[in-house]
Amino acid sequence: MTRGDEIGYEPGRPAGYAAQPDEALNYVDAHDNETLYDALAYKLPTDTDPEQRARAHLLALGVATLGQNPVLWHAGVDLLRSKSLDRNSYDSGDWFNLFDVTGADHGFGRGLPQAGDNRAAWGIAGPLLADPALRPGGALVRSVHERALDLLRLRASSRLFRLGSAANIADKVSFPASGTWAQRPGVILMLLDDSRGVPVDPDAAALLVVANALPWSVHQPLPPAVGNGWELHPIQARGADPVVRRARVDDGAAAIAGRTLAVFRRPRG
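To convert, note that position 81 of the sequence shown is 81 in the numbering used here; the numbers rise steadily by one, no gaps.
If you want it as structure tokens, here you go:
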């Protein structure tokens, strides 16, 4: 459910839409918990450069956004929002929960979060919060915001990302490389095939999502069931991420940069 500073986003539903009791939500950070930026501050190697941190951030957000359930974005996730590593900010007040909608103050390094659920991590959190390399500049924050908007545009562009029933999902969604010779560790290959069941997209015969969580580029082989005729989705081809614009499907493989999610489209006709 949506509450606090969470936003449930679903094209065609009212702003502030709250999921029904039997409906799951996709999310990577929510409510009082660590923000996505803070979780990655703990998990990524400390020498990961800011752009690569941003790419990991957007990749995680993209996997949730292009899933089939309604997606919940924690307010500020598109601005690399931080609560200075606070894992439970319910009683932390405005000092840690402040959300600057301009992105000028993204929140990292406001000090050690209060003891509560955080004391055990102070020894790790202190050096991280003092590291100036973990405070993204305004240009990067603005860039992440624009790239995050492209994820919303992708989701809104096709009912294939919002099939709405378990039967439609079973008909149209598959992971054709899983459990086969083609599977590359760290890479997700998801096929949304509108030739199965009742068609829902007047423009795309199918969509292919390739998510590469590895820090290096890969050539992900495409099993024969994936077929041919793929082009980079127009939203990404003209979008804010120059790296994803280089993604290609050639000679039976998808070429995609590290920490990148690309969507390919097979046009009708």
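Ideal Cβ placement from N, Cα and C applies to all residues, glycine included.
Inter-residue CB distance, residue 84 and residue 129 (contact presumed, cutoff 8 Å): Correct: roughly 6 Å between the Cβ atoms.
Span of the beta strand (DSSP E), counted from its first residue to its last, around residue 267: 260–267
Inter-residue Cα distance where the pair is residue 31 and residue 144: 21 Å
Integer-rounded CB distance, given that residue 28 should sit under 8 Å from residue 61: 6 Å
Residue closest to residue 216, alpha-carbon to alpha-carbon, out of 185, 225, 236: 185
Coil, strand or helix - residue 57 by DSSP: helix
Buried or exposed by the 16-neighbour rule on C-beta atoms within 10 Å, applied to residue 271: Given a span of 1 to 269 for the chain in the structure shown, any question on residue 271 remains unanswerable.
Where residue 271 sits in the DSSP three-state scheme: Nothing about residue 271 can be reported from this structure: the residues present for the chain run from 1 to 269 only.
Beta-bridge pairing of residue 250 - partner residues as DSSP gives them: Answer by DSSP bridge pairing, in chain order: 253.
Whole-angstrom distance between residue 224 and residue 7, CA atom to CA atom: Because the pLDDT at residue 7 is just 48, under 50, the model does not fix this residue reliably, and the point stays unresolved.
Cβ-Cβ distance between residue 173 and residue 68 below 8 Å: yes
Sub-8 Å separation of residue 240 and residue 247 beta-carbons: no
Beta-carbon proximity list for residue 261, same chain, < 6 Å, skipping 5 on both sides: If we look at residue 261 and ignore the five residues flanking it on each side, its Cβ neighbours are 59, 62, 211.
Same chain, Cβ closer than 8 Å to residue 202, five either side skipped, listed in chain order: Take residue 202, set aside five residues on each side of it, and the residues of its chain with a beta-carbon closer than 8 Å to its own are 268, in chain order.
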